[in-house]
Structure formats: structure tokens, C-alpha cells
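Colleague: Protein chains in written order, with my numbering: chain A, 1 to 177; chain B, 1 to 779.
Cβ atoms here follow ideal geometry from the backbone N, Cα and C, with glycine treated the same way.
#1: Here's the rule I'm using: 16 or more other beta-carbon atoms within 10 Å means buried, otherwise exposed. How should residue 146 of chain B be labelled?
#2: Out of curiosity, what's the CA-to-CA distance linking residue 817 of chain B and residue 15 of chain B?
#3: Going by C-alpha to C-alpha distance, which of B:747, B:67, B:751, B:250 sits closest to residue 271 of chain B?
#4: Taking the CB atoms as reference points, tell me whether residue 219 of chain B and residue 241 of chain B lie closer together than 8 Å.
#5: Taking 8 Å as the CB-CB limit, is residue 221 of chain B close to chain A?
#6: Report back the beta-carbon spacing between residue 196 of chain B and residue 688 of chain B to the nearest angstrom; my notes put them in contact at under 8 Å.
#7: Is the CB of residue 27 of chain B under 8 Å away from at least one CB in chain A?
#8: Indicate the three-state DSSP secondary structure (helix, strand or coil) for residue 161 of chain A in the structure shown.
#9: Which residues in the same chain as residue 26 of chain B place their Cβ atom closer than 8 Å to its Cβ, once the five residues preceding and following it in sequence are excluded?
#10: Return yes when the Cβ of residue 269 of chain B is within less than 8 Å of the Cβ of residue 797 of chain B, no when it is not.
#11: Which value, in whole angstroms, describes the spacing of the CA atoms of residue 129 of chain A and residue 716 of chain B?
#12: Going by DSSP, what residues sit across from residue 258 of chain B in a beta bridge?
#13: Please report the straight-line C-alpha distance between residue 157 of chain B and residue 151 of chain B, rounded to a whole angstrom.
#14: How far does the beta strand (DSSP E) with residue 213 of chain B in it reach, from first residue to last?
#15: For the alpha helix (DSSP H) that residue 14 of chain A lies in, which residues bound it at each end?
#16: Mind checking the stretch 486-512 of chain B against chain A and listing, in chain order, the residues whose C-beta falls within less than 8 Å of any C-beta there?
#17: Our contact map puts residue 52 of chain A next to residue 113 of chain A with C-beta atoms below 8 Å; I'd like the distance itself, whole angstroms only.
#18: Assuming residue 348 of chain B and residue 176 of chain B make a contact with CB atoms under 8 Å, what is their CB distance in whole Å?
#19: Just the C-alpha distance for residue 27 of chain A and residue 203 of chain B, rounded to the nearest angstrom, thanks.
#20: With DSSP as the reference, label residue 596 of chain B as helix, strand or coil.
#21: Put residue 170 of chain B into one of helix, strand or coil per three-state DSSP.
#22: Scan the stretch 128-150 of chain A for residues whose Cβ lies nearer than 8 Å to a Cβ of chain B and list them as they occur along the chain.
#23: Quick check on this structure: which residue in B:393, B:173, B:607, B:273 has the alpha carbon closest to the alpha carbon of residue 490 of chain B?
#24: Which residue wins for smallest C-alpha separation from residue 508 of chain B, given the options B:252, B:99, B:104, B:187?
#25: As an exercise, report each continuous beta strand (DSSP E) stretch of at least 3 residues that is fully enclosed by the stretch 223-302 of chain B, in chain order.
#26: For residue 283 of chain B, which residues in chain A fall below 7 Å Cβ to Cβ?
#27: Using a Cβ-Cβ cut-off of less than 9 Å, give me the residues of the stretch 728-743 of chain B that come near chain A, in sequence order.
#28: Quick one: which chain A residues come within Cβ less than 7 Å of residue 711 of chain B?
#29: With a CB to CB cut of under 6 Å and the five nearest residues on each side skipped, what residues in its chain are close to residue 7 of chain A?
#30: Who are the near neighbours of residue 517 of chain B in its chain, counting only those whose CB is closer than 6 Å to its CB and skipping five residues on each side?
#31: CA-CA distance, residue 83 of chain B and residue 89 of chain B?
#32: So, with DSSP's three-state summary, where would you put residue 57 of chain A?
#33: Tell me which same chain residues have a C-beta within less than 8 Å of the C-beta of residue 288 of chain B, skipping the five on either side of it?
#34: What are the start and end residues of the alpha helix (DSSP H) that includes residue 559 of chain B?
#35: Which residue comes first and which comes last in the beta strand (DSSP E) that contains residue 117 of chain B?
#36: Do you know how far the Cα of residue 487 of chain B is from the Cα of residue 11 of chain A?
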């Protein structure tokens, strides 16, 4: 099989990968040692392989590596650069939202995409955002609590920059696009 | 419970939490080994067949294929895949590779190739001619005279009656149940059916195996039972135990599905054949065909009561299938008797079961281990009895439940595949579980209100009905007289400790809980504990993660080892501080005097003194086992809303009040409970592996096998009812399994309260509700 070159930005770093045309993004990422991208079903049902492509959560098992050409990808390895945890990660630890941890990277990335556009989500919105991430350990209560707590921590730290009412509606508009 | 404790009882972060939230490579498959091959197994397309002819030459000649193994190439060693203590109580009826296929998905051949694509292609090139045999797919026909014999091979052992496809049989009676039924004012008898549920750990089974530089076979694998796996693989591959090294990294969930040697033997065989590293990972579809599931059961239960609600006799007969192989056949079904019936006192109990082979997916250990089936039946009958006797369901349970100081005689009869040990109740919070759970769901008010609403809304013909229901359960904490564990502790210069345990954290938080027990005993903070677990070369023995044993058994070993290390530390500190050791205690990472003189030495200074002045390694190990299995207790309450037009059951609120002894880490304990509840609600309402007439799983994906997702879950309330268990470390019992037992029957009972229809089969689907309502109207 003829290899092809793709250029992608992963966790802020420009990368060039030689891939086969049929390679799944999941396989490309794991081959390149982004092991936080997990293989749970390969059919887009479990969400363990979730990464953010241009800010949107996608199942990397449903995307060809070739389709990632020119995109910006965020994997769990890029969520805590320099070891400083994202408030979502801290909240997952504080709230006991991690059990086996296999679905955790996908959940954290889905939550991150949610909070980027929706800094003050309702519980129902959090559950909707996590609906693509199966977890067999937690029953989802603690992950949901963790995401809500992280949203609050973000707002208190002023990180989201969207604490006003208008900021919130802008967030909603982005989310609905 | 004890406020003087500084580590035990605290909601501390998981010791492995940081690496998990940052996605560090910690799981079995998170490594690249140069030259690693991909292994694949050719699954049988037939439920029951014999290989007449198999030709692997075309597969072997495919470029990139390094090995193709069939039954002709490997040793034939009867064994069980059940990861249990030696000698395993499960029959030795399984072979690494065999010429007979006993289920769709049975192993025909295995290949190792340079890539996954080549391995897949090689499977297609294996030519097999089968003699298709009549198969058994239904439980009821397995024992009939003239039924096909699934295990007709002469070399299997431990099968109860191979000619009639009976893997295991149990019959125990205490008192005289027939006498009891004659004395009863109310006798209820029903048949209940439970389905095949799968564990669905998000990490599939995966194993990587290679030969190290000493030619020892290394197996890095997603297992709950590293030590049992080492022993079993060594036996099957005919290696000395010492030539096998099993490593358990982080595990992506197990729930019993990884208390089973599913891949390690064949992966090891391929590594030996190729002398290359080999990885085998199940696809999600293969998980459904080739991994394990919960034993389906047909339970007939008969319970007799006096008019005042006193239980007089309880008789349960179980016909279960273990699928094509007898993994955990006897012990799971034994548990259905020994951990279900005794929760209610009665002098007359009888438990009988037959566990039969069928040409269906293999059953095995699954969280709850026989209890969810039994409790569905028993708690349904309890609810019906309460209704018929006009007694509140909570009160009927309180009247009959096992109490502090009781000795349960049935468990003495039903041990791990043989006679067991009597169960003494030394701690029991069940009354408090019932009271606090009832308060949390507003039991009294809602029972009344919804009953009245059902009557009045009939006039308005509202299609929505609400109800509340309750169910109770108990479990065990380790297998009495069988489970044991060891732990090793070593002091380092900086006052940290290496805690080495054979225990297998599979996401349950075991490493954290064990470290908390060690840190509490040594008077140090949790960050001083460096935990390493589940490695047969570098950690001492542990039976592994099952039977709710880790906190009580492995935790007991850690506490003992820590007490020994503590004594050694005090001896050294006594020299350094020139005061008797009994005047010293460990706290806040120091050794301090108890008297007014307030002398102290830091753990760091003490470690340097020990290592470089005394030249002694402070290091101890300890082993631990119990002669009893203290049961945790649980009361679970469900509130449901039933749509009488669509048949949809919506669970609104699920309350779990659980007596787990002392919670070592309450937050992690709650998480165990919430996860178990989610699995049980799936068991009750949506989850079922469905087979077609050829024995094929027709829903082998998460799209078609419905687990509950974040939007499907009801409001959850978890109440930890702490008691002090004398046999547990710091009073702990167990939590991981028990909350899976009763949510399904609690929901079924709530549905009855809502619409007056009883269900005798799980899962309760919308079509079952509509059918039930139609039958009720017809009556």
C-alpha cells in the first residue's frame, strides 16, 4: 500500500505523519504514542477514542487519518500542558469521577468541548454532552457532578471570560451551530 | 467512624488518579514492542461441530504470517478458564485448541502475523471442513434423554454428569421445607427467568506476550487474577510456574469478566511458537461471542408464610446454563443459594440447582456472582407476600431478616464447590439501611399517595402511573477459608514506603484503599505510599480481585504487614530517642513520644538511621485469610413512572442504603455503588444478549446491546451505613458487588405498585409491560 503524508497540529505541535490511506485516525494517534486515545469498540459507539478536532469532539475510530489533514487535534495528552491540570481533570479527581479511567480521557475531552461553548451548563446539558461516552464503572453521577463543578471553578477563576449574561448567550449560539 | 483516623475514612484522591485523568500510558495495550505480531483467533461459525479436516497451508504461506496453530499443534491439557484458587471447583472441560466446537465463537485456530490486516486475511485462508452436530440452545432440553452430548470427550474431569450435559449439581436442605409449607398460611410459588448479560468493560480483553531475555514467558494482560492466570497458563503450556511472569497494568474495567483466562493461554502459545511478542485484543463483537456473560437461570421459588408474615419455609430450585464450558458453573449457582436464601430467617430452607451445558456463549463470574438472579426471584416473592398479607414490604423484610449474632447454617452447607464454613453475623446495619433508604425515597407517603392516585386517576384515564418498590440483599466479603492475600512493605530514605500487593486493582480503587490502610497504620500521609500491584514476579501472592475480597482480605494483609513494619520502626526510634518503644507512636510522618517530653524523629531521619547506621532494611510482609465472609447488607428503593400506552418504564429515583462496614474511602465506595446500580438497572430493563436459532449473538455491539448512558440514568442517592466489622481491617467489609443485587427487583416491585402487574422475566421491556397490562385487563 502506498503511504501518504499528512500534516496535522496535535496538542499545539505541528506534526507530519506517514500513513496508509485506510488508516483510522485512532490507529494513527495510538501509533504515534498518543495512548490516551482508547480503543473500546471501533464502531463509534463507546466514545473512548474521543478527541477534539478543531474543537469538536469526534470518535477517532470513525475518521480516517487522511481526513485529519490540516486540522487541529486535541488529545488528553494536551489537556494538561506542563502538568497543570485542567479544572475538569481536578474535578474528576475531587469528585471520585475516575474509576478504571479507560473512558476518562474521552469524557474529559467531551466536557471540555462543552464548557468551551457553554460555560454555565445545566445538568441536562452535561448529560447530553457526555451521552457519547459510555462508562461502565461510575453510573455517570460523579462525572456529571465533576463537570458541573469544573464549570463553576472555571467561572470563578474567570477563565471562561463568559460570566455575563450576554457571554452566556454567545456560548449558546456557538454550541448550536 | 473513628474521627481520630487521619487517612482511613477520608475522601482522598485515587493513588492512580493523576495518571488516569492525564491519559498516561498505563493500560495493557499502551506500549509498543518492536517486532510485535498481531494474533487473531478463528471463531467457529457453528454452535456444535467437529472439525473433519483443517488445512492451514494457504494461511501459513501468506507473506507476513508467522504462525498458525490448530489443535494438532498444541498440548491437550484439560483445564478451566475460571480464575479460582487451586484446586478450582470448576470442571476441567476446556482445551487450548480442540477438534470439537461447542459454541459459535469457539476457537478453531489461531494466527500470528506482522499486521492485523494480514492476520485477518490469514483467517480467511484457513480451510475447514466441519461435521455439523445437533446443538442445544435451550436450557430446558439439555438434560433430556437423547439430547446431544456437548462434552463427550473422555479426558475432561469434574463434570457432574457429562452424558446428560450437567456440569454441576447442588442439593442442600436445612430443616424440612415440605413440613414448613404444610404449616404455612400463605404459600407463593413462581418461576422466574433471567437473561444473559454481559460485563461490557469498556476496555476489551487484551493480552501481550513475549519471551524475555531469559526466555521466560511474559504475559502483560487485562486480568483480575494474575496469580491464578500464571498457574493455569503454566499448566496448559507445560511450563514450570517460575517460567511465567504475569503483569497486570491498569485495567479498564472487569466486573468478573476478567476473572477468567480468556486470551493469555493462546497468546502465550503464539509467543512461544513465533519467539516474537504477540498481541491479541478482542474486538467488541468478539467480546460478545468469545468472552463471558452472566449465567442465565430459570428459578422456581416457593416461600411459605404465617399470617403474621413469619417466613416458615423457603425453597429455591435453579436450572442454569453455563454455556459451552463450565466456568464458575458450580460456584455462581451455589452463591444463588448461599447468599440469597439466608437473608431471611427460617428453619426450613432447601436449595437445589442443575447447571447445564448448552451450545451458547460461555457464562462466568459477573459482579454479584449468582445473587442478582436469586434476589430477583426472592425479592419479587417477598413483595407479593407483603401485598397478599397486607403488610408493608419494608416491615415484612424487617420481621424476617437475619440479625446480629445469627449463625447462618446454609452457608456452612454451601461452600466454594464443597462444604463451607458457618457465617456468623458480627455486624449488621440492615435495619438502618431500610429505615434510612425509606426516608430518602419518602416511602410511607409515596406508597400511600401512588396507591390512591392509581385508583383515582383511573377515572381520568391518565396513561402515566407511579410506584415505589423495595428490595434487600446481602453478599460476602471474600470466600471464607479460601481467599488469601499477602502484602509487602519497605521503607525508603525519604520516609516513603513501597507497598507491594498481589491484589488486582481493576478500576475499583483497590490500590488506593490498600494504601490508605497502610498509611493509617504507619501514621503517614497517603502520598508516602508507592503502590505496585498485580505482578507475579514483583508482588506477593493474592488470589485476585473477586468475591468482594480485596478490601477485607488484601487489606487485612496490608494492615498486618504495616503493623510489623511499625513495630520495627518503633524499635529503631526507641534507640534514637532513648525511650521505650511503648512510649512511642507513629503520626504525621513522624515517630513521637506519647509522654509529655514531646520528643520526635521524622520518618526520613529514621530511615537514614536504619539504612546507613544500623544497616537494616525495614521491610516486612504478611499473609491474611479469614474463616468467615462477613456479609455487607443493602436495601434499595426505586421510584418509577410507567407509561401505560407505550409500556416504557422510567426510573425516577434509585436509593441505595448499604452497610459496607467502615468505608475506607467513602467517595470511592459511593462510586462503586453507583456503578453497580447502573449495571443492575440495565439488567432489569434493557440488557440482554439475544441468540438466533443457530446460536449466534444477534446484538454484538453497543448499538444493539443497550447499556444505560448518562441520559438514561435516574437520580441516584447513595447512603453509606457504616458498621464496625470485627474481622475487617479498620472495621471494613465490602462494597463492590452488593449494590448490583437488588435494583432490578426493586424496580420490578415499584412497577407492580404502579400498574399492578408482576413480571417474572428480565429484562422487563416495554412490550412486556404492554402484554402484562393486556393480560391484566383480560382477567
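Modeller: With the given structure in hand:
#1: Reading the second chain from its first residue, position 146 is the one you call residue 146 of chain B. Result: exposed.
#2: Chain B is shown only over 1 to 779; residue 817 of chain B falls outside these bounds and no answer can be derived.
#3: As a first step, residue 271 of chain B must be located in the second chain, where it is residue number 271. It is B:67 whose Cα lies nearest to the Cα of residue 271 of chain B.
#4: One-based indexing of the second chain puts residue 219 of chain B at position 219. One-based indexing of the second chain puts residue 241 of chain B at position 241. Against a cut-off of 8 Å, the Cβ pair of residue 241 of chain B and residue 219 of chain B comes out as no contact.
#5: Against the second chain, residue 221 of chain B aligns to sequence position 221. No - not a single Cβ of chain A is within 8 Å of the one on residue 221 of chain B.
#6: Working through the second chain from its first residue, we reach residue 196 of chain B at position 196. Working through the second chain from its first residue, we reach residue 688 of chain B at position 688. Yes, they are in contact, since the Cβ atoms of residue 196 of chain B and residue 688 of chain B sit about 7 Å apart, within 8 Å.
#7: Looking up residue 27 of chain B in the second chain gives position 27. It does: the Cβ of residue 27 of chain B has a partner Cβ on chain A nearer than 8 Å.
#8: As a working mapping, residue 161 of chain A is identified with position 161 in the first chain. Since pLDDT at residue 161 of chain A reaches only 49, below the 50 mark, its modelled position is unreliable, and the value read off the structure follows with that caveat. In the structure shown, residue 161 of chain A sits in coil (DSSP, three-state: anything other than H, G, I, E or B).
#9: Working through the second chain from its first residue, we reach residue 26 of chain B at position 26. Taken in chain order, the residues that qualify are 16, 19, 20, 249, 250.
#10: Since the first residue of chain B shown is 1 and the last is 779, residue 797 of chain B is not available in this structure.
#11: In the first chain, residue 129 of chain A corresponds to position 129, counting from 1. In the second chain, residue 716 of chain B corresponds to position 716, counting from 1. Residue 129 of chain A and residue 716 of chain B: Cα-Cα distance of roughly 19 Å.
#12: Counting from one through the second chain, the residue named residue 258 of chain B turns up at place 258. According to the DSSP secondary-structure assignment, residue 258 of chain B is paired through a beta bridge with no residue.
#13: Working through the second chain from its first residue, we reach residue 157 of chain B at position 157. Working through the second chain from its first residue, we reach residue 151 of chain B at position 151. Cα to Cα, the separation comes out at about 10 Å.
#14: Residue 213 of chain B sits at position 213 when you count from the first residue of the second chain. Note, residue 213 of chain B: premise wrong, no beta strand (DSSP E); not H, not E.
#15: On the first chain, position 14 is the one that residue 14 of chain A refers to. Premise fails: residue 14 of chain A lies in the beta strand (DSSP E), 13-19, not in any alpha helix (DSSP H).
#16: Listed in sequence order: 506, 507, 508, 509.
#17: Walking along the first chain from the start, residue 52 of chain A turns up at place 52. Walking along the first chain from the start, residue 113 of chain A turns up at place 113. In this structure, residue 52 of chain A and residue 113 of chain A form a Cβ contact; the two beta carbons are roughly 6 Å apart against a cut-off of 8 Å.
#18: As a first step, residue 348 of chain B is located in the second chain; it is residue number 348 there, counting from the start. As a first step, residue 176 of chain B is located in the second chain; it is residue number 176 there, counting from the start. The distance from the Cβ of residue 348 of chain B to that of residue 176 of chain B is about 6 Å, consistent with a contact at the 8 Å cut-off.
#19: Position 27 of the first chain holds residue 27 of chain A. Position 203 of the second chain holds residue 203 of chain B. One C-alpha to the other measures close to 16 Å.
#20: Residue numbering aside, residue 596 of chain B sits at position 596 when the second chain is read from its first letter. Taken through DSSP and simplified to helix, strand or coil, residue 596 of chain B comes out as coil.
#21: Translated into positions along the second chain, residue 170 of chain B becomes position 170. Residue state, collapsed to three classes: strand.
#22: Going along the stretch 128-150 of chain A in chain order, one finds 128, 130, 131, 133, 134, 135, 136, 137, 138, 139, 140, 141, 142, 143, 144 with a Cβ nearer than 8 Å to chain B.
#23: As a working note, residue 490 of chain B is residue 490 in the second chain. Closest by C-alpha distance to residue 490 of chain B, out of B:393, B:173, B:607, B:273, is B:607.
#24: Locating residue 508 of chain B in the second chain gives position 508, counting from the first residue. Of the candidates B:252, B:99, B:104, B:187, B:252 places its Cα closest to the Cα of residue 508 of chain B.
#25: Secondary structure within the stretch 223-302 of chain B: the beta strand (DSSP E) runs of 3 or more consecutive residues, fully enclosed, are 244-247, 278-281 (chain order).
#26: Residue numbering aside, residue 283 of chain B sits at position 283 when the second chain is read from its first letter. Per Cβ cutoff of 7 Å: 42.
#27: Close to chain A, meaning a Cβ-Cβ distance shorter than 9 Å, is no residue of the stretch 728-743 of chain B at all.
#28: Within the second chain, numbered from 1, the residue matching residue 711 of chain B stands at position 711. Simply 127, 128, 131.
#29: Start at 1 with the first residue of the first chain, and residue 7 of chain A comes out as number 7. Exclusion of the five residues before and after residue 7 of chain A leaves 16 as the residues of its chain whose Cβ lies within less than 6 Å of its Cβ.
#30: Indexing the second chain from 1 puts residue 517 of chain B at position 517. Excluding sequence neighbours, residue 517 of chain B sits near 555, 558, 559, 729.
#31: Taking the second chain and counting its residues from 1, the one referred to as residue 83 of chain B is at position 83. Taking the second chain and counting its residues from 1, the one referred to as residue 89 of chain B is at position 89. Residue 83 of chain B and residue 89 of chain B: Cα-Cα distance of roughly 10 Å.
#32: Translated into the one-based positions of the first chain, residue 57 of chain A becomes position 57. Residue 57 of chain A falls in the strand class under three-state DSSP.
#33: In the second chain, residue 288 of chain B corresponds to position 288, counting from 1. Excluding residues within five positions, the ones whose Cβ falls inside 8 Å are 198, 361, 689, 697, 699, 700, 701, 705.
#34: As a first step, residue 559 of chain B is located in the second chain; it is residue number 559 there, counting from the start. 555-577 is the span of the alpha helix (DSSP H), which, as asked, contains residue 559 of chain B.
#35: Mapped onto the second chain, residue 117 of chain B falls at position 117. For residue 117 of chain B, there is no enclosing beta strand (DSSP E); the enclosing alpha helix (DSSP H) has its first and last residue at 116-125.
#36: For the purposes of this step, residue 11 of chain A is identified with residue 11 of the first chain, where counting begins at 1. For the purposes of this step, residue 487 of chain B is identified with residue 487 of the second chain, where counting begins at 1. Each residue's Cα considered, the two are about 41 Å apart.
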